[in-house]
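Chemist: The structure under discussion is supplied below as structure tokens; questions concerning it will follow.
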Amino acid sequence: MTNVRRLDPRVETAAASRIPSDWRDSEESRNWPETLHPNGPNHRAFVLLQPGTGLPEFTGHAVQINESVFIVEADLDTLRWLAEYPSVVYVEAPRPMGEDLDTSVPATKANVLSSPPSGGAALTGLGVVVGFVDRGGMDWKLEDFQVNGHTRILAIWDQSLRPVGTEKSPAAYGYGVEYDKTTIDGDLAGGPPLRHRCNPGSHATHVAGIAVGNGSSTGPNPAGGVFPAAKYVGVATNADIIYVEAVKIPGTTLTSSDRVAEAIKYIFEKAGKRPCVVNVSLGNNGGAHDSESVVERTIDRMLEANGRVLVKSAGNEVDWDCHAVVVLTAGDPRCTLEWQFGRSGRHDRTPNELELWSSSRDRFRIWVEHPQGSSLVTSKIIPGADDTQRFPLGNEIVTVSSQRFHPLNGASYVHIHVDSAQAGATLSSGVWKVCIEAHDPSNIKDGRIDAWIERDLRDAANNYADQSLFRNFVAADGTLNPPGTIRRGITVGNYDHLGGAGVSASGRGPTRDGRNKPDLVAPGFRVWSSGALGNQPNPAGGAGAVFAVRVEKTGTSMSAPHVTGVCAQLLEAFPAISSAQMGATLVAAASALAPSTSFDNQLGFGLIDAKEADTALR
5 MTNVRRLDPR VETAAASRIP SDWRDSEESR NWPETLHPNG PNHRAFVLLQ PGTGLPEFTG
65 HAVQINESVF IVEADLDTLR WLAEYPSVVY VEAPRPMGED LDTSVPATKA NVLSSPPSGG
125 AALTGLGVVV GFVDRGGMDW KLEDFQVNGH TRILAIWDQS LRPVGTEKSP AAYGYGVEYD
185 KTTIDGDLAG GPPLRHRCNP GSHATHVAGI AVGNGSSTGP NPAGGVFPAA KYVGVATNAD
245 IIYVEAVKIP GTTLTSSDRV AEAIKYIFEK AGKRPCVVNV SLGNNGGAHD SESVVERTID
305 RMLEANGRVL VKSAGNEVDW DCHAVVVLTA GDPRCTLEWQ FGRSGRHDRT PNELELWSSS
365 RDRFRIWVEH PQGSSLVTSK IIPGADDTQR FPLGNEIVTV SSQRFHPLNG ASYVHIHVDS
425 AQAGATLSSG VWKVCIEAHD PSNIKDGRID AWIERDLRDA ANNYADQSLF RNFVAADGTL
485 NPPGTIRRGI TVGNYDHLGG AGVSASGRGP TRDGRNKPDL VAPGFRVWSS GALGNQPNPA
545 GGAGAVFAVR VEKTGTSMSA PHVTGVCAQL LEAFPAISSA QMGATLVAAA SALAPSTSFD
605 NQLGFGLIDA KEADTALR
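This is the structure:
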């Protein structure tokens with residue numbers, strides 16, 4: 005095993021396949037910090053160190069996340085050098101991460117804690133900080149996030165902005181713009197405006213409204229009448245708020261795992277000694293799904309301290325057909341995965357990635373065949389015997405990287421990346437074939453191989469043709485979005501509280517290493533919550549039209565903040581509880597859902613029950 009295997013092969017792939025800078029729209033180009041997505045030779049990566057060692061000096065930039073993990077920015081040769089350094093365990097490339105109340109809150113029984121019928125102390129998240137790492141903008145102007153005209157938001161870090169005038173970046177990170185409570189209140193009072201922007205119907209604002217909105221906003225309902233105040237009320241209505249706008253990867257709607265890790269660290273640092281729960285409704289598909297990646301270890305480490313909790317959405321990947329499972333046997337030692345590019349006459353405009361994870365007890369040969377036929381095929385790759393190879397195949401370049409006995413989990417790993425040979429060209433549509441055969445059919449010991457397609461651009465205008473999918477061996481189980489596979493975080497699936505059933509798209513467990521996730525479910529189907537830009541002019545709506553203060557959304561992104569809000573309620577009463585204790589309490593208190601009275605891969609251990617959780621802790 006050579007030292008170079010401590011370098012994530014996706015780092016090498018990224019060097020050969022950079023997203024063109026002209027994919028950025030003009031507004032992003034104006035705002036983007038020069039160091040955020042560096043053009044030229046620089047790349048960002050996680051560096052995991054052996055305990056008790058330090059990061060060697062190098063030419064580049066580094067942000068320390070904990071004593072063993074840094075996020076560095078350097079050229080490819082430097083990253084290769086770091087991977088060979090004796091104290092370095094692994095250099096990991098960031099992964100793309102995408103976005104994953106009037107009746108929904110009572111379904112969780114959180115309202116029983118906020119308005120106890122017995123006259124006991126109300127739990128509204130008072131004294132607790134609730135953080136959000138999200139996309140789309142946090143609408144600080146909505147009354148849902150104010151008290152007596154003053155903001156409840158302690159800080160906004162917009163990672164996508166470049167400071168101008170007196171604006172500053174967070175000192176420890178050196179990019180983006182940070183707005184504190186005083187600055188936000190100044191904007192509300194008519195002072196200098198914030199440059200942080202919201203999209204109409206922002207994902208982030210809707211999520212925050214579920215967890216911490218106080219229901220004060222009111223305004224016209226496009227369907228007639230008005231949205232009344234005090235009807236669409238979130239869970240932890242007195243909690244303070246910290247928001248991080250996770251920056252986009254150029255040319256996509258996705259952010260990246262390194263930015264999310266920095267955002268979580270920032271929120272916990274800003275919370276100081278106060279109890280804090282962070283909501284992450286973003287995720288990716290790739291990785292080993294076993295909590296052993298550097299980013300998952302990093303987040304888990306942050307959750308070791310008391311009063312630190314993280315809630316993660318399970319994702320909505322079941323319907324995207326991005327997970328497949330094959331099992332080779334002595335009687336059937338070969339299979340062909342069908343990987344579909346493009347759909348319904350539309351072409352795939354972005355590079356595609358696929359990962360295979362299996363036990364290192366087995367040996368396989370893997371090769372890729374172009375849709376034009378068997379004359380266009382890569383060489384056969386044996387994980388552990390071959391590292392990274394690039395193959396011109398038709399109009400595409402296929403890069404196949406492999407590792408056996410992966411440094412982080414000991415598993416066998418294959419990464420396949422397909423990109424156009426010409427910048428800006430689309431990929432060849434049709435079924436690409438990933439062929440797998442046992443190296444020795446008589447010596448198959450485990451036989452199972454999990455395959456995940458990485459999350460991609462999902463553009464309705466292109467009929468979602470940029471997201472590739474599997475045509476066979478599709479598996480609904482094992483579709484949780486990392487980092488929802490972490491150990492100390494609370495992973496939440498989607499439940500239709502009106503129809504009384506799980507939602508089919510909701511990501512399912514177990515993890516690849518067999519742990520029971522998701523932990524539980526919460527309402528996430530057709531949930532009404534805060535609408536960004538509410539009551540502000542809507543140019544598309546005609547004269548006098550305004551954006552609605554309430555919008556409806558569906559997804560595990562809506563489920564997670566219900567649980568986040570309940571965690572804030574419980575942290576008010578039990579500020580020293582750990583994330584592991586919080587998760588175990590919510591699982592123990594959950595209402596079992598048919599057909600299972602124990603664990604279910606889709607429903608977890610049941611529907612969240614805030615009242616029972618509070619009782620269990622007293």
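Start counting the sequence shown at 5; every next residue gets the next number (the numbering used here).
Glycine included, C-beta positions come from ideal geometry on N, C-alpha and C.
Since I believe tryptophan 456 is in contact with asparagine 289 (beta carbons under 8 Å), could you give me their beta-carbon distance rounded to a whole number of angstroms?
Modeler: The residue you call residue 289 lines up with position 285 of the sequence shown. The residue you call residue 456 lines up with position 452 of the sequence shown. With a Cβ gap of about 5 Å, asparagine 289 and tryptophan 456 count as contacting.
Chemist: Which whole-angstrom value describes the C-beta separation of isoleucine 612 and leucine 597, a residue pair presumed to lie in contact below a C-beta threshold of 8 Å?
Modeler: Position 608 of the sequence shown, counting from 1, holds the residue named residue 612. Position 593 of the sequence shown, counting from 1, holds the residue named residue 597. Rounded, the Cβ-Cβ distance is 11 Å, inconsistent with contact.
Chemist: State yes or no: is the C-beta of valine 1 within less than 8 Å of the C-beta of isoleucine 420?
Modeler: The displayed coordinates of the chain run from 5 to 622. Any statement about residue 1 would go beyond what the structure contains.
Chemist: Let me make sure I understand the geometry here. Which of Pro579, Ile453, Gln163 and Val93 has the alpha-carbon closest to that of lysine 277?
Modeler: Taking the first residue of the sequence shown as position 1, residue 277 is located at position 273. Of the listed residues, the one whose Cα sits closest to lysine 277 is Pro579.
Chemist: Here's a check: name, in chain order, each residue in its chain whose Cβ is nearer than 7 Å to the Cβ of glycine 398, leaving out the five neighbours to either side.
Modeler: For the purposes of this step, residue 398 is identified with residue 394 of the sequence shown, where counting begins at 1. Closer than 7 Å at Cβ, skipping near neighbours: His374, Gln376, Leu380 and Ser432.
Chemist: Just tell me which of Pro196, Gln68, Gly102 and Ala425 has its CA closest to the CA of arginine 462.
Modeler: One-based indexing of the sequence shown puts residue 462 at position 458. It is Gly102 whose Cα lies nearest to the Cα of arginine 462.
Chemist: In the DSSP assignment, find the beta strand (DSSP E) that holds arginine 338 and state where it starts and stops.
Modeler: The sequence position of residue 338 within the sequence shown is 334, counting from 1. Start and end: 338 to 345.
Chemist: Please report the Cβ distance between isoleucine 75 and aspartate 262, rounded to the nearest whole angstrom; I am assuming they are in contact, meaning their Cβ atoms lie under 8 Å.
Modeler: The residue you call residue 75 lines up with position 71 of the sequence shown. The residue you call residue 262 lines up with position 258 of the sequence shown. Contact holds; Cβ gap of about 5 Å.
Chemist: Considering only their Cβ atoms, is the gap separating serine 364 from arginine 1 smaller than 8 Å?
Modeler: Here the chain comprises residues numbered 5 to 622, so residue 1 is not present and cannot be evaluated.
Chemist: Quick test of your reading: arginine 492 and serine 583, contact by CB under 8 Å. State the CB separation rounded to the nearest angstrom.
Modeler: If you number the sequence shown from 1, residue 492 lands on position 488. If you number the sequence shown from 1, residue 583 lands on position 579. About 5 Å; that satisfies the 8 Å criterion.
Chemist: Specify, as a first and last residue, the run of the alpha helix (DSSP H) that asparagine 694 falls within.
Modeler: Here the chain comprises residues numbered 5 to 622, so residue 694 is not present and cannot be evaluated.
Chemist: Compute the Euclidean distance between the alpha carbons of aspartate 12 and leucine 130, then round it to the nearest angstrom.
Modeler: Looking up residue 12 in the sequence shown gives position 8. Looking up residue 130 in the sequence shown gives position 126. Between aspartate 12 and leucine 130, the C-alpha separation is close to 43 Å.
Chemist: Can you give me the Cβ contacts of aspartate 481 inside the same chain, cut-off strictly under 6 Å, excluding the 5 residues immediately before and after it?
Modeler: Here residue 481 refers to the residue found at position 477 when the sequence shown is read from its first residue. Hits under 6 Å: Arg512 and Asn605.
Chemist: Measuring straight from C-alpha to C-alpha, what distance separates threonine 354 and aspartate 423?
Modeler: Indexing the sequence shown from 1 puts residue 354 at position 350. Indexing the sequence shown from 1 puts residue 423 at position 419. Distance between the alpha carbons of threonine 354 and aspartate 423: 7 Å.
Chemist: Just the Cα atoms here: how many angstroms apart are alanine 509 and glycine 58?
Modeler: Within the sequence shown, numbered from 1, the residue matching residue 509 stands at position 505. Within the sequence shown, numbered from 1, the residue matching residue 58 stands at position 54. Rounded to whole angstroms, alanine 509 to glycine 58 spans 43 Å at the Cα level.
Chemist: Among residues of its own chain, excluding the 5 on either side of alanine 97, which ones have a beta-carbon nearer than 7 Å to its beta-carbon?
Modeler: By 1-based counting over the sequence shown, the position of residue 97 is 93. Excluding sequence neighbours, alanine 97 sits near Asp12, Arg14, Val15, Ala18 and Ala49.
Chemist: At a cut of 8 Å, does the stretch 162 to 179 reach the stretch 106 to 114 through at least three beta carbon pairs?
Modeler: No, because fewer than three Cβ pairs between the stretch 162 to 179 and the stretch 106 to 114 fall closer than 8 Å, the two stretches do not touch.
Chemist: If you run the structure through DSSP and keep just helix, strand and coil, what is alanine 318?
Modeler: Here residue 318 refers to the residue found at position 314 when the sequence shown is read from its first residue. Coil at alanine 318, not helix or strand.
Chemist: Give me, in chain order, the residues of the same chain whose beta-carbon lies closer than 7 Å to that of glycine 228; leave out the 5 immediate sequence neighbours on both sides.
Modeler: Position 224 of the sequence shown, counted from the start, is the residue given in the question as residue 228. Result list for glycine 228: empty, nothing under 7 Å.
Chemist: Given leucine 621, which residues of its chain have a CB within under 8 Å of its CB, disregarding the five upstream and five downstream residues?
Modeler: The residue labelled residue 621 in the question sits at position 617 within the sequence shown. Closer than 8 Å at the Cβ level, and outside the excluded window around leucine 621, lie Leu574, Ala577, Phe578, Ile581 and Thr589.
Chemist: Between which residues of its own chain and glycine 388 is the CB-CB distance below 6 Å, once the five residues before and five after are set aside?
Modeler: As a first step, residue 388 is located in the sequence shown; it is residue number 384 there, counting from the start. These residues qualify, in order along the chain: Arg408.
Chemist: For valine 251, write down the residues that DSSP places opposite it in a beta bridge.
Modeler: By one-based count along the sequence shown, residue 251 stands at place 247. DSSP lists no partner for valine 251.
Chemist: Is it the case that the Cβ atoms of valine 93 and arginine 9 are separated by a distance below 8 Å?
Modeler: For the purposes of this step, residue 93 is identified with residue 89 of the sequence shown, where counting begins at 1. For the purposes of this step, residue 9 is identified with residue 5 of the sequence shown, where counting begins at 1. For valine 93 and arginine 9, no; Cβs fall outside 8 Å.
Chemist: What residue range is occupied by the uninterrupted alpha helix (DSSP H) comprising histidine 293?
Modeler: Position 289 of the sequence shown, counted from the first residue, corresponds to residue 293. Segment: none, histidine 293 is in no alpha helix (DSSP H) and carries neither H nor E.
Chemist: Classify glycine 346 as buried or exposed, calling it buried when 16 or more other Cβ atoms lie within 10 Å of its own Cβ.
Modeler: For the purposes of this step, residue 346 is taken as the residue at position 342 of the sequence shown. So glycine 346 counts as buried.
Chemist: Ordered along the chain, which non-local residues of its own chain (more than five positions away) have a Cβ less than 6 Å from that of threonine 392?
Modeler: Residue mapping note: residue 392 aligns to position 388 of the sequence shown, counting from 1. Excluding residues within five positions, the ones whose Cβ falls inside 6 Å are Pro13, Glu16 and Ser405.
Chemist: Let me check understanding here. Comparing Cα to Cα, which of Ser295, Ile246, Val555 and Leu258 lies closest to phenylalanine 272?
Modeler: Residue 272 sits at position 268 when you count from the first residue of the sequence shown. Nearest of Ser295, Ile246, Val555 and Leu258 to phenylalanine 272, Cα basis: Ile246.
Chemist: With a threshold of 16 other CB atoms inside 10 Å of the CB of valine 116, please say whether the residue is buried or exposed.
Modeler: Position 112 of the sequence shown holds residue 116. That one is buried.
Chemist: Enumerated in chain order, which unbroken segments of the beta strand (DSSP E) with a length of 3 residues or greater are wholly contained in the stretch 174 to 245?
Modeler: Here the runs fully enclosed are 181 to 184.
Chemist: Do the stretch 299 to 318 and the stretch 280 to 288 meet, that is, are 3 or more Cβ pairs less than 8 Å apart?
Modeler: Cβ pair count under 8 Å is three or more, so yes.
Chemist: Tell me whether the beta-carbon of proline 486 lies closer than 8 Å to the beta-carbon of serine 297.
Modeler: As a first step, residue 486 is located in the sequence shown; it is residue number 482 there, counting from the start. As a first step, residue 297 is located in the sequence shown; it is residue number 293 there, counting from the start. The answer is yes: Cβ separation under 8 Å.
Chemist: Closest by CA to alanine 192, which one among Val507, Val570, Phe149 and Val133?
Modeler: Walking along the sequence shown from the start, residue 192 turns up at place 188. One point to set straight first is that residue 192 is leucine, not alanine, in the sequence displayed. Among Val507, Val570, Phe149 and Val133, the Cα nearest to that of leucine 192 is on Phe149.
Chemist: When DSSP labels each residue in this structure, what does aspartate 683 get in the three-state scheme?
Modeler: With the chain covering only 5 through 622, there is no way to say anything about residue 683.
Chemist: Report yes if the CB atom of arginine 516 is closer than 8 Å to the CB atom of aspartate 454, and no otherwise.
Modeler: In the sequence shown, counting from the first residue as 1, residue 516 sits at position 512. In the sequence shown, counting from the first residue as 1, residue 454 sits at position 450. For arginine 516 and aspartate 454, yes; Cβs fall inside 8 Å.
Chemist: Identify whether valine 264 lies in helix, strand or coil by the three-state DSSP scheme.
Modeler: By 1-based counting over the sequence shown, the position of residue 264 is 260. Looking at valine 264 - three-state DSSP - the assignment turns out to be helix.
Chemist: Is valine 478 close to chain C? Criterion is C-beta to C-beta, closer than 8 Å.
Modeler: Looking at the structure shown, chain C is missing, and only one protein chain is on hand.
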